[in-house]
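For the sequence shown, position 146 (counting from the first letter as 1) is numbered 147 according to my numbering, and the numbering increases by one without interruption.
All C-beta atoms, glycine included, are put in the ideal place defined by N, C-alpha and C.
Single-structure report; data block below.
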Amino acid sequence: ALCVATDKTSEDSQRLLRKRKMSSPAWLVVGNKAPFNVMAASPELPEFLEFEIHEVLGRSMRMIFGPMTNVAELRKAVIDSATKSSYTASFMLYTKNGQGRMLTVEIVPAHNGDGEATHCVMTIDHSDWVPKKVAVAEDTRAKLVLKADKPYSVECVSDNFVQLYALSADSLMGRTLRPIFGPRTDAQTFDAALVLAKAGKTQNLSLWTCKTDMSHLLVHITIFPVAEQGAICNFMLVFKGAIDVKPTAASTEGAK
(Lines of atoms letter the chains of each structure in order from A and count residues from 1; the text may use other names and numbers.)
(Lines give C-alpha, C1' and ligand atoms only; values in the text may rest on other atoms or scores of the structure.)
Protein backbone atom coordinates (compact mmCIF):
# COMPACT_ATOMS: atom_id res chain seq x y z
CA ALA A 1 0.00 0.00 0.00
CA LEU A 2 1.03 3.58 -0.49
CA CYS A 3 -0.43 4.65 2.84
CA VAL A 4 1.55 4.69 6.06
CA ALA A 5 0.48 2.25 8.76
CA THR A 6 -0.36 4.03 12.01
CA ASP A 7 -2.67 3.42 14.96
CA LYS A 8 -6.09 4.35 13.56
CA THR A 9 -7.77 3.73 16.90
CA SER A 10 -5.72 6.23 18.91
CA GLU A 11 -7.79 8.27 21.32
CA ASP A 12 -6.83 11.58 19.73
CA SER A 13 -7.66 10.45 16.21
CA GLN A 14 -11.01 9.00 17.17
CA ARG A 15 -11.94 12.14 19.09
CA LEU A 16 -11.17 14.33 16.08
CA LEU A 17 -13.06 12.05 13.69
CA ARG A 18 -16.18 11.99 15.87
CA LYS A 19 -16.18 15.62 16.93
CA ARG A 20 -19.23 17.44 15.60
CA LYS A 21 -20.52 20.41 17.52
CA MET A 22 -24.18 21.31 17.17
CA SER A 23 -24.17 24.69 18.91
CA SER A 24 -24.78 28.01 17.21
CA PRO A 25 -21.78 29.73 15.62
CA ALA A 26 -20.25 32.85 17.12
CA TRP A 27 -19.79 36.14 15.29
CA LEU A 28 -17.73 39.31 15.45
CA VAL A 29 -18.36 42.63 13.74
CA VAL A 30 -14.95 43.90 12.63
CA GLY A 31 -13.82 47.05 10.85
CA ASN A 32 -12.56 46.30 7.36
CA LYS A 33 -9.57 48.64 7.66
CA ALA A 34 -6.55 48.51 9.94
CA PRO A 35 -6.41 48.08 12.91
CA PHE A 36 -9.50 45.87 12.32
CA ASN A 37 -11.13 46.65 15.65
CA VAL A 38 -13.99 44.54 16.99
CA MET A 39 -17.21 46.54 17.17
CA ALA A 40 -19.61 43.84 18.43
CA ALA A 41 -19.60 40.18 19.40
CA SER A 42 -22.12 37.41 20.03
CA PRO A 43 -22.74 35.59 23.34
CA GLU A 44 -21.39 32.35 21.80
CA LEU A 45 -17.85 33.74 21.52
CA PRO A 46 -16.54 32.25 24.82
CA GLU A 47 -17.40 28.72 23.67
CA PHE A 48 -15.15 29.05 20.66
CA LEU A 49 -12.32 31.30 21.81
CA GLU A 50 -12.81 31.67 25.60
CA PHE A 51 -12.91 35.47 25.37
CA GLU A 52 -15.78 37.30 27.05
CA ILE A 53 -17.49 39.97 24.97
CA HIS A 54 -16.13 42.87 27.04
CA GLU A 55 -12.59 41.55 26.53
CA VAL A 56 -12.71 41.93 22.74
CA LEU A 57 -14.73 45.11 22.15
CA GLY A 58 -12.61 47.95 20.83
CA ARG A 59 -9.56 45.72 20.39
CA SER A 60 -7.93 44.56 17.17
CA MET A 61 -8.79 41.11 15.85
CA ARG A 62 -5.05 40.38 16.26
CA MET A 63 -5.91 39.05 19.72
CA ILE A 64 -7.19 35.80 18.14
CA PHE A 65 -4.12 35.33 15.93
CA GLY A 66 -1.25 32.98 16.71
CA PRO A 67 1.83 31.40 15.16
CA MET A 68 -0.14 29.18 12.76
CA THR A 69 -2.80 31.72 11.73
CA ASN A 70 -2.69 32.65 8.05
CA VAL A 71 -2.76 36.33 8.97
CA ALA A 72 -2.19 37.68 5.47
CA GLU A 73 -5.09 35.68 4.01
CA LEU A 74 -7.51 36.57 6.81
CA ARG A 75 -6.68 40.28 6.69
CA LYS A 76 -7.08 40.28 2.91
CA ALA A 77 -10.50 38.65 3.24
CA VAL A 78 -11.61 41.30 5.75
CA ILE A 79 -10.38 44.16 3.54
CA ASP A 80 -11.91 42.61 0.41
CA SER A 81 -15.30 42.33 2.16
CA ALA A 82 -15.89 45.95 1.17
CA THR A 83 -16.30 44.82 -2.45
CA LYS A 84 -17.08 41.10 -2.25
CA SER A 85 -20.28 39.40 -1.12
CA SER A 86 -18.81 36.59 1.00
CA TYR A 87 -15.74 34.50 1.78
CA THR A 88 -15.42 31.19 3.64
CA ALA A 89 -12.28 29.30 4.68
CA SER A 90 -10.71 27.47 7.62
CA PHE A 91 -8.22 29.24 9.87
CA MET A 92 -6.26 28.39 12.97
CA LEU A 93 -7.45 30.90 15.57
CA TYR A 94 -6.31 31.13 19.17
CA THR A 95 -8.19 31.17 22.45
CA LYS A 96 -7.64 33.52 25.37
CA ASN A 97 -5.25 30.93 26.81
CA GLY A 98 -3.27 30.56 23.58
CA GLN A 99 -4.74 27.27 22.40
CA GLY A 100 -4.98 26.93 18.63
CA ARG A 101 -8.32 25.83 17.18
CA MET A 102 -9.11 25.09 13.56
CA LEU A 103 -12.33 26.99 12.84
CA THR A 104 -14.46 27.77 9.81
CA VAL A 105 -14.68 31.52 9.21
CA GLU A 106 -17.27 33.16 6.98
CA ILE A 107 -16.92 36.86 6.21
CA VAL A 108 -19.73 38.96 4.77
CA PRO A 109 -19.92 42.77 4.36
CA ALA A 110 -21.93 44.95 6.74
CA HIS A 111 -23.05 48.47 5.85
CA ASN A 112 -23.45 51.71 7.77
CA GLY A 113 -26.41 54.06 7.55
CA ASP A 114 -25.09 55.51 4.29
CA GLY A 115 -24.93 52.12 2.62
CA GLU A 116 -21.14 51.93 2.77
CA ALA A 117 -19.45 48.63 3.62
CA THR A 118 -17.25 49.92 6.45
CA HIS A 119 -17.10 46.71 8.45
CA CYS A 120 -17.85 43.00 8.12
CA VAL A 121 -19.49 40.21 10.05
CA MET A 122 -17.07 37.36 10.79
CA THR A 123 -18.98 34.18 11.65
CA ILE A 124 -16.93 31.53 13.47
CA ASP A 125 -18.00 27.88 13.54
CA HIS A 126 -16.47 24.54 14.41
CA SER A 127 -14.43 23.07 11.59
CA ASP A 128 -14.53 19.39 10.64
CA TRP A 129 -11.05 17.99 10.13
CA VAL A 130 -8.81 15.02 10.70
CA PRO A 131 -5.04 15.10 11.20
CA LYS A 132 -2.78 14.11 8.32
CA LYS A 133 -1.48 11.05 10.16
CA VAL A 134 -5.03 9.63 10.32
CA ALA A 135 -5.73 10.37 6.66
CA VAL A 136 -2.66 8.51 5.40
CA ALA A 137 -3.01 5.55 7.78
CA GLU A 138 -3.71 2.23 6.07
CA ASP A 139 -6.98 0.66 7.23
CA THR A 140 -9.79 -1.52 5.89
CA ARG A 141 -11.64 1.28 4.09
CA ALA A 142 -11.61 2.08 0.38
CA LYS A 143 -10.13 5.55 0.61
CA LEU A 144 -7.66 7.94 -0.91
CA VAL A 145 -6.08 11.28 -0.07
CA LEU A 146 -6.19 14.23 -2.46
CA LYS A 147 -4.26 17.47 -2.34
CA ALA A 148 -6.58 20.33 -1.35
CA ASP A 149 -5.56 22.60 -4.22
CA LYS A 150 -6.43 22.23 -7.88
CA PRO A 151 -6.09 20.00 -9.80
CA TYR A 152 -6.72 17.85 -6.65
CA SER A 153 -4.12 15.19 -7.43
CA VAL A 154 -3.92 11.86 -5.59
CA GLU A 155 -1.33 11.73 -2.81
CA CYS A 156 -2.16 8.43 -1.12
CA VAL A 157 -4.41 5.46 -1.89
CA SER A 158 -5.47 2.42 0.14
CA ASP A 159 -5.32 -1.24 -0.91
CA ASN A 160 -9.11 -1.57 -0.76
CA PHE A 161 -9.62 1.38 -3.08
CA VAL A 162 -7.25 -0.15 -5.62
CA GLN A 163 -9.15 -3.44 -5.41
CA LEU A 164 -12.52 -1.70 -5.74
CA TYR A 165 -11.62 -0.15 -9.09
CA ALA A 166 -9.14 -2.80 -10.31
CA LEU A 167 -6.50 -0.14 -10.81
CA SER A 168 -2.84 -0.05 -9.88
CA ALA A 169 -1.78 2.45 -7.24
CA ASP A 170 0.93 3.77 -9.56
CA SER A 171 -1.67 4.66 -12.19
CA LEU A 172 -3.36 7.01 -9.69
CA MET A 173 -0.51 8.62 -7.78
CA GLY A 174 0.02 12.26 -8.76
CA ARG A 175 -3.00 12.24 -11.06
CA THR A 176 -6.56 13.51 -10.70
CA LEU A 177 -9.52 11.16 -10.22
CA ARG A 178 -10.45 11.37 -13.91
CA PRO A 179 -9.46 7.68 -14.45
CA ILE A 180 -12.56 6.67 -12.45
CA PHE A 181 -14.87 9.25 -13.99
CA GLY A 182 -17.26 8.10 -16.70
CA PRO A 183 -20.17 9.44 -18.77
CA ARG A 184 -22.50 9.36 -15.74
CA THR A 185 -20.13 11.16 -13.37
CA ASP A 186 -21.34 14.54 -12.15
CA ALA A 187 -17.92 16.20 -12.07
CA GLN A 188 -19.33 19.64 -11.26
CA THR A 189 -21.05 18.38 -8.11
CA PHE A 190 -17.86 16.59 -7.07
CA ASP A 191 -15.73 19.72 -7.58
CA ALA A 192 -18.28 21.83 -5.66
CA ALA A 193 -18.08 19.40 -2.73
CA LEU A 194 -14.29 19.78 -2.65
CA VAL A 195 -14.63 23.57 -2.48
CA LEU A 196 -16.97 23.26 0.51
CA ALA A 197 -14.64 20.76 2.18
CA LYS A 198 -11.77 23.25 1.82
CA ALA A 199 -13.80 25.55 4.10
CA GLY A 200 -13.63 22.89 6.82
CA LYS A 201 -16.94 21.08 6.40
CA THR A 202 -17.27 17.34 5.81
CA GLN A 203 -19.18 16.56 2.62
CA ASN A 204 -21.32 13.56 1.67
CA LEU A 205 -22.44 12.72 -1.85
CA SER A 206 -23.36 9.82 -4.10
CA LEU A 207 -21.48 9.68 -7.39
CA TRP A 208 -21.49 7.49 -10.47
CA THR A 209 -17.95 6.35 -11.27
CA CYS A 210 -16.46 3.98 -13.80
CA LYS A 211 -14.21 0.89 -13.58
CA THR A 212 -11.60 -0.25 -16.08
CA ASP A 213 -14.04 -2.85 -17.50
CA MET A 214 -16.44 0.05 -18.31
CA SER A 215 -18.94 -1.02 -15.66
CA HIS A 216 -20.58 1.81 -13.73
CA LEU A 217 -20.11 2.00 -9.97
CA LEU A 218 -22.45 4.08 -7.81
CA VAL A 219 -20.61 4.98 -4.60
CA HIS A 220 -21.27 7.06 -1.51
CA ILE A 221 -18.30 9.34 -0.82
CA THR A 222 -17.52 11.12 2.43
CA ILE A 223 -14.98 13.92 2.02
CA PHE A 224 -13.08 14.81 5.20
CA PRO A 225 -10.93 17.97 5.35
CA VAL A 226 -7.38 17.08 6.42
CA ALA A 227 -5.32 19.56 8.45
CA GLU A 228 -1.60 19.91 8.98
CA GLN A 229 0.32 22.85 10.47
CA GLY A 230 -2.79 24.94 10.93
CA ALA A 231 -4.27 24.66 7.45
CA ILE A 232 -6.49 22.39 5.34
CA CYS A 233 -3.92 20.70 3.12
CA ASN A 234 -5.68 17.56 1.87
CA PHE A 235 -8.98 15.74 1.57
CA MET A 236 -9.58 12.17 2.73
CA LEU A 237 -12.22 10.49 0.56
CA VAL A 238 -13.89 7.35 1.89
CA PHE A 239 -15.88 5.26 -0.62
CA LYS A 240 -18.75 3.06 0.62
CA GLY A 241 -21.86 1.25 -0.57
CA ALA A 242 -20.66 0.50 -4.10
CA ILE A 243 -23.33 -0.70 -6.55
CA ASP A 244 -21.77 -2.32 -9.60
CA VAL A 245 -23.72 -2.02 -12.88
CA LYS A 246 -22.18 -4.09 -15.66
CA PRO A 247 -22.34 -2.77 -19.23
CA THR A 248 -24.95 -4.45 -21.43
CA ALA A 249 -24.26 -5.78 -24.90
CA ALA A 250 -26.36 -2.96 -26.35
CA SER A 251 -24.38 -0.30 -24.52
CA THR A 252 -21.13 -1.94 -25.56
CA GLU A 253 -22.24 -1.91 -29.21
CA GLY A 254 -23.31 1.72 -28.88
CA ALA A 255 -19.90 2.70 -27.62
CA LYS A 256 -18.22 1.25 -30.72
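- In the same chain as P184, and ignoring 5 residues on each side of it, the C-beta atoms closer than 8 Å to its own belong to C211, in chain order.
- In the three-state scheme derived from DSSP, where H, G and I count as helix and E and B as strand, L218 is classed as strand.
- DSSP places L197 within a helical segment (H, G or I) once states are collapsed to three.
- For R179, no alpha helix (DSSP H) run applies, since DSSP gives it neither H nor E.
- Beta-bridge partners of L208 (DSSP): V220.
- Taken in chain order, the whole beta strand (DSSP E) runs of length 3 or more contained in the stretch 123-148 are 143-148.
- In the displayed model, D187 falls within coil according to three-state DSSP, outside both helix and strand.
- S159 sits in coil when the DSSP states are folded into three classes, being neither helix nor strand.
- Rounded to the nearest angstrom, the Cβ distance from V155 to L168 is 11 Å, too far for a contact under 8 Å.
- When the five nearest sequence neighbours on each side are left out, the beta carbons in the same chain lying within less than 6 Å of the beta carbon of Y88 are those of A78, I108, in order along the chain.
- In terms of Cβ geometry, A118 and S82 form a close pair [threshold 8 Å].
- Of the candidates I181, V227, T124, the residue whose Cα lies closest to the Cα of T213 is I181.
- Nearest to V31 by alpha-carbon distance, out of T84, P44, A243, R76, is R76.
- Rounded to whole angstroms, the gap between the alpha carbons of V135 and V158 is 13 Å.
- For I54, there is no enclosing beta strand (DSSP E); the residue is part of the alpha helix (DSSP H) that begins and ends at 54-57.
- Look at the beta carbons and you see the stretch 34-52 not touching the stretch 66-73: under three pairs across the two are nearer than 8 Å.
- For T124 and D171, the gap between their C-alpha atoms comes out near 42 Å.
- Spanning the alpha carbons of K97 and A232 requires a straight line of approximately 20 Å.
- From the listed residues H217, K199, A200, the smallest Cα separation to S207 is found for H217.
- Closest in alpha carbon position to V239, among A149, D140, D187, is D140.
- Taken through DSSP and simplified to helix, strand or coil, K77 comes out as helix.
- Judged by beta-carbon spacing, K133 lies beyond the 8 Å limit of N71, meaning their Cβ atoms are not closer than that value.
- Note that the C-beta distance between T186 and N205 is not below 8 Å.
- Collapsing the DSSP output to three states places R63 in a helix.
- The Cβ atoms of T105 and S86 lie no closer than 8 Å to each other.
- Taking a 10 Å sphere around the C-beta of V196, we find fewer than 16 other C-beta atoms and assign the residue as exposed.
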